[in-house]
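Novice: One structure is given below, represented as structure tokens, and several questions about it will come after.
4 protein chains.
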Amino acid sequence: MIEPRYAKSFASDNHAGAHPAVMDAVAAANTGDAPAYGDDEWTAALQDRLRDEFGAHAAGFVVLNGTGANMLSLSMMMTRRYEAIICPESAHIATHETGASERVLGVKLVTVPTPDGRLTPDDVTARLGGRGNISEVQPKVVSISEVTELGTCYTPDQIAALAEVAHDNGMLLHMDGARLANAAAFLGCSLRALTTDAGVDVLSFGGSKNGGLVGEAVVVLRPDLADAAPYLRRQTLQLGSKMRYISAQLTALLTDDLWRKNATQANTMAKRLADGVSDLPGLDIRYPVESNAIFATLPPDTIPTLQSQYLFHTWHAPTNTVRWMTAFNTTPTEIDTFTTTIRQTLKP
Amino acid sequence: MIEPRYAKSFASDNHAGAHPAVMDAVAAANTGDAPAYGDDEWTAALQDRLRDEFGAHAAGFVVLNGTGANMLSLSMMMTRRYEAIICPESAHIATHETGASERVLGVKLVTVPTPDGRLTPDDVTARLGGRGNISEVQPKVVSISEVTELGTCYTPDQIAALAEVAHDNGMLLHMDGARLANAAAFLGCSLRALTTDAGVDVLSFGGSKNGGLVGEAVVVLRPDLADAAPYLRRQTLQLGSKMRYISAQLTALLTDDLWRKNATQANTMAKRLADGVSDLPGLDIRYPVESNAIFATLPPDTIPTLQSQYLFHTWHAPTNTVRWMTAFNTTPTEIDTFTTTIRQTLKP
Amino acid sequence: MIEPRYAKSFASDNHAGAHPAVMDAVAAANTGDAPAYGDDEWTAALQDRLRDEFGAHAAGFVVLNGTGANMLSLSMMMTRRYEAIICPESAHIATHETGASERVLGVKLVTVPTPDGRLTPDDVTARLGGRGNISEVQPKVVSISEVTELGTCYTPDQIAALAEVAHDNGMLLHMDGARLANAAAFLGCSLRALTTDAGVDVLSFGGSKNGGLVGEAVVVLRPDLADAAPYLRRQTLQLGSKMRYISAQLTALLTDDLWRKNATQANTMAKRLADGVSDLPGLDIRYPVESNAIFATLPPDTIPTLQSQYLFHTWHAPTNTVRWMTAFNTTPTEIDTFTTTIRQTLKP
Amino acid sequence: MIEPRYAKSFASDNHAGAHPAVMDAVAAANTGDAPAYGDDEWTAALQDRLRDEFGAHAAGFVVLNGTGANMLSLSMMMTRRYEAIICPESAHIATHETGASERVLGVKLVTVPTPDGRLTPDDVTARLGGRGNISEVQPKVVSISEVTELGTCYTPDQIAALAEVAHDNGMLLHMDGARLANAAAFLGCSLRALTTDAGVDVLSFGGSKNGGLVGEAVVVLRPDLADAAPYLRRQTLQLGSKMRYISAQLTALLTDDLWRKNATQANTMAKRLADGVSDLPGLDIRYPVESNAIFATLPPDTIPTLQSQYLFHTWHAPTNTVRWMTAFNTTPTEIDTFTTTIRQTLKP
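Protein chains in written order, with UniProt numbering: chain A, 1 to 348; chain B, 1 to 348; chain C, 1 to 348; chain D, 1 to 348.
If you want it as structure tokens, here you go:
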């Protein structure tokens, strides 16, 4: 019997286990033979649920992880070898995918410094000066993350403004939605309000950070882009053979708003943690806490003390900034115990 | 409640469900928080099991699917942009990965026609004529599949001979082991006899076709190749975040020789099917049945009749060749019923 | 003063020097300042000449070498990452470009064995069985070489038949025209008859093998493909800065049918050589001599004897096959002397 | 007879013609047959000259243009798919090669903002925080341009300091030397002092901007890197067939220090122009004039007036910054006439 090493991790929502309803759905899918590669009943059912959430034109493609979701999404949005992607410097595709965009897709990321992970329409237009210059890459996609990698959220209006500037300039809007559920929970809106209604063209909907075991969905909102997706999914190494087991998980999350309940719990716990420590001298919360992540600057000597008791990552060593993340399974008691530990450790 | 559409599929071992022990292992892994990306106890336990099977130098890397396993394996074996891979024309990497080798890896496959999916040392040496010619790609990897895509097996001696010719010519030997378990079961040997002891350098060990839900392992048998693997796994979109759920499956298959029991059952059922139909006039079994696949040429008008009752694929339409596959969960009764159906359908 | 090492090379038409008219054109272009990257008067003049030869819709793009011409041509014809190219096994893009198609373009070449380097419509249709199968690459381009790498020529009708099968199946026809001039000279037809009128979509027109110093032209016959070409030319490393010096060479070759005179001389000399040796016992001419190349099988011991006196390449060592090439500057006397040497060397 | 459209261009040193000695060398190389692809006497002679300048271990590779030189250089320096390049934001490889680094090489450029195009050792070390993090690319090459794209020069000591920090961290130092001659002329030092002696590993030596027609040289200063270069040159579309004509040009430039004379003339003329206009109200010279380029901010309405008389590029429209370049053939009279025109146009 394997026992986990940590009572509680605040390192990542990937450290949480799977939600019981997700586990039940996987077990229920294990019945008899079923066609592979998505031609099964569970994947068909997921398509229905995705259309319910994202609109009748939504086409869903189950993939295996978040980086895969991004690469598949972007690969279908770009058809010319000299097209480029405009994204924030902090974008996951720019920082933590080991150069997959450049190596697997072959595209240049035109990265934009931002104060809090959010791109603005002006950021985009300022990168269009090379339009028509044959020596420069030609931006074709604007890529944003909702929630951003710094824990902040775009409002529906902010997304719509980006979609408008993208479309007005012959570009498409991509959303890395690894934590899209957390954004919708924070903003109190539907998934559709942040995506389809705001003009997003292709997005990913994260399952694993929301209580799944494995698997994400790419949702294509422009039917003309979807034809290529099945080929690209195979080629980008994202086609699961026994897809039913992944589809069943995503369907479970999309049933009875489980995704929202899970995300709300995670967000609420992050807020509770932030509220419990924000007054501490020497502790500085760097970005608005709008999801399930807190970025905090701490006195440097307190970091190893805390890390000896709780698992969490140093985000940026030069500034002594750490990241604390909550998940669907984080409890108020866990937060309160952690809060007490932090307060005692930082006590002058 | 979703019901499967087919009573029985003979289309692929991917159509079978997951083995109950695999399901149990996944459920047991769902306890508390655990580090992501492989720094968990379940993945550590899998490493132990892989070393038991493949030797003390074996380094295992959990990946998400078979194409991903191949791309990760090959990417770590090749360091120069002009290196190439010698493989049979029938290799999965050459035929059914939508050009991932060329697009994701950027390498040329030097493909060799074979009578039954098996490469020979002479096939390899005959492709080395361009050594040192700067206008030609330089073979660096010999890639074989065990079981082959045509259902045949290499013996340990045949693999050792290929390893020798590869190594003698400065090349490495890669094995796509999506159905390695079936080969070891057919040949009555250990996994190690077909890999480590035969001189294989990097291989994949298939989980999903052997009773898993999702996930495979890449096993690196040359320590100097393993350093790059973690970076390459992330970049080739094969790094699962909640890895414990995949590692637990593979460990379950590697416990108490479950992999061999599952493979033996599949192989035995294929043999039973072949034995039951091979005397039929108009039916021609194309390759030796050495695993869980049968390739049969049928009278053309009988194919749609049979496909209306059972799910299976036409493998090569111009020659009226179909593929029938069995799996760990195929029963003698299912085989016998299918045999009867075939016999009746082909009755003159 | 550097002196050449060989009195005469029969190894390649690349070994010939530059035609005096080409040299004069380069010298004449060296007058004052001129815009770089093709915005100069000499490149404008070349465009006019190319339109004269290939039709009003032809758009020309000067590039730096033959492999670059092929990569630029193919890159503009393919917009999806899973598209593939059907070509003969003997195609230069498949054999002698060090894997540039796979590495630089990222595409799979679906290669077809042929008796003499020529593809047929049936060869093409036989490779379309995977249409719509998401696990297989999807052919988008049929690529032929005129003259082929084995010295044979397609007739206008043969090219038109390939264009028809390509277009009927949603594909495009590419022509590697490194020796297009030799084909038109052999067939006694215009460049246009072999390209525009036959339905070719994109082709290269070789300059260096026809008496130039450096540089080729890509000619785009479908206006919708041309927009991307300037970006792709820069990206594929084929944009010459002082383009006037290359454009001037190509214009010289296209003036007063110099290209045809040069090609005719080369072809005639190859025919003279073939006629002079074809009756020799032990010498077997492998392919019809339809251009400026002769492929001959010789008694193995005679090859080094001849190579000690004349520079030429062994084409295929296992069959003792050599290649002899002539060029625009080959003279009857040179052929007759070489013929005599061969006859004496092979004398029983 | 084609006449150039502009009396004088200040847009680029690529707009100048070829130096008469270069033309003579090309003409002299046009004698008889010679082996292709670099196995000729002219290329052997160039190798000797390169060794004279760069040291006995220098291996030269003739290529076709500057972007090709960069891609070949970088491709031989990087063997792992997850390696990255640290370079200034203003680097040609980052800004004006239409994404070739990302598309052709597949690498991420880690770009650094700089005040004047020059990277510092601290810039490099600050980008090494992700060493060993498998989610981040791993820097392998530091790439600098000498002269920089902003017309400034690194001193030998500055280059040596970058080489030291690169080598101390397991990286290599690459130099884009499209205008290396101008730097050596400005600094009054040898080519070797800026390269071999300073610890550069691979560099390009620009021919076309120094009075050549076409062609550059890649110079490899670490013998262990050179083995791969011939294959990579072919694959990166940079192998010229009739190489003698390019080698002869480069040899001409490297004979009797013609490269230094040409560069000195260009630099002197740029200095003369800068001196003649730097006192003008409303005109601001943005970077130290250390080569043959001047970047000047002008009153916006004066730019079109000047551009109607002289060809030059607007470098950065939002700040009304133009670039003026001189070349080996620029005369004092041309500078003085241009200076007068500028002064009159900017007169209040």
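Backbone N, C-alpha and C define an ideal beta-carbon position, used for all residues, glycine too.
1. Using a Cβ distance threshold of 8 angstroms, determine whether the region 157-173 of chain A contacts the region 192-201 of chain A, with at least three qualifying pairs required.
2. Hey, how far is the Cα of N65 of chain C from the Cα of M71 of chain C?
3. Please list the terminal residues of the continuous beta strand (DSSP E) segment that includes H167 of chain A.
4. Would you mind reading off the limits of the alpha helix (DSSP H) that contains P139 of chain A?
5. Would you say S9 of chain C lies against chain D (beta-carbon separation less than 8 angstroms)?
6. Opposite D176 of chain C in the DSSP bridges: which residues?
7. Please return the same chain residues whose Cβ sits closer than 6 angstroms to the Cβ of E97 of chain B, not counting the five positions on each side in sequence.
8. Check each candidate in D:D279, D:M269, D:P299 and D:S247 and name the one with the smallest Cα separation from S291 of chain D.
9. Let me know if D279 of chain A comes out buried or exposed under the rule of 16 or more other beta-carbons within 10 Å of its beta-carbon.
10. Here's the rule I'm using: 16 or more other beta-carbon atoms within 10 Å means buried, otherwise exposed. How should R131 of chain D be labelled?
11. If the cut is a Cβ gap below 7 angstroms, which residues of chain D does G106 of chain A touch?
12. Take every Cβ of the region 183-193 of chain A, pair it with every Cβ of the region 251-269 of chain A, and state whether three or more of those distances are shorter than 8 angstroms.
13. Note down, in chain order, every chain A residue with its Cβ under 9 angstroms from the Cβ of S308 of chain B.
14. Going along the chain, which residues of the region 131-153 of chain D sit with their C-beta nearer than 8 angstroms to a C-beta in chain B?
15. Quick one: is G282 of chain D buried, meaning 16 or more other Cβ sit within 10 Å of its Cβ, or exposed?
16. Across the region 120-139 of chain B and the region 121-139 of chain C, are there enough close Cβ pairs to call them in contact, namely three or more that are closer than 8 angstroms?
17. With DSSP as the reference, label M325 of chain A as helix, strand or coil.
18. Compare the C-beta of K271 of chain D with all C-beta atoms of chain C and state if any pair is closer than 8 angstroms.
19. Would you mind telling me which residues of chain C sit closer than 7 angstroms to Y231 of chain D, beta carbon to beta carbon, in chain order?
20. Less than 8 angstroms between CB atoms is the rule here; does Y245 of chain D satisfy it with respect to chain B?
21. Extract the residue ranges of the alpha helix (DSSP H) inside the region 181-217 of chain C, only unbroken runs of 4 or more that lie entirely within it.
22. Could you give the residue range of the alpha helix (DSSP H) that holds V277 of chain C?
23. Please return the same chain residues whose Cβ sits closer than 6 angstroms to the Cβ of Y245 of chain D, not counting the five positions on each side in sequence.
24. Under DSSP, the alpha helix (DSSP H) around V107 of chain D begins and ends at which residues?
25. Work out the CA separation of A18 of chain B and V277 of chain B for me, nearest whole Å.
26. For A293 of chain B, does the three-state DSSP call read helix, strand or coil?
27. Is there a Cβ of chain C sitting closer than 8 angstroms to that of G38 of chain D, yes or no?
28. Consider the Cβ of A317 of chain A: report whether some Cβ of chain D lies at a distance smaller than 8 angstroms.
29. Between the alpha carbons of T333 of chain B and R103 of chain D, how many angstroms are there, rounded?
30. Does the beta carbon of S75 of chain B sit closer than 8 angstroms to a beta carbon anywhere in chain D?
31. Quick one: grab the DSSP three-state call for L311 of chain C.
32. Could you confirm whether any beta carbon from chain A is found closer than 8 angstroms to the beta carbon of residue 430 of chain C?
33. Of all the CB atoms in chain B, is at least one closer than 8 angstroms to the CB of Y287 of chain C?
34. Counting only beta-carbon separations shorter than 8 angstroms, does G66 of chain A have a partner in chain D?
35. T95 of chain C versus chain B: which residues are under 9 angstroms apart at the beta carbon?
36. Quick check on DSSP: helix, strand or coil for E97 of chain B?
Specialist: Inspection of the coordinates gives the following:
1. yes
2. 10 angstroms
3. Run containing H167 of chain A: none in the beta strand (DSSP E); it sits in the alpha helix (DSSP H), P156 to D168.
4. Where P139 of chain A is concerned, there is no enclosing alpha helix (DSSP H), although the beta strand (DSSP E) it sits in stretches over Q138 to S145.
5. yes
6. C:S145
7. T67
8. D:M269
9. exposed
10. exposed
11. E102, R103 and G106
12. yes
13. Within 9 angstroms Cβ-Cβ: nothing; S308 of chain B doesn't reach chain A, min ~15 angstroms.
14. I134, S135 and Q138
15. exposed
16. no
17. strand
18. no
19. T98
20. no
21. 191-194
22. L258 to V277
23. V26 and A29
24. No alpha helix (DSSP H) contains V107 of chain D, which DSSP labels as neither H nor E.
25. 28 angstroms
26. strand
27. no
28. yes
29. 55 angstroms
30. yes
31. strand
32. The displayed coordinates of chain C run from 1 to 348. Any statement about residue 430 of chain C would go beyond what the structure contains.
33. no
34. no
35. G130, S135 and E136
36. coil
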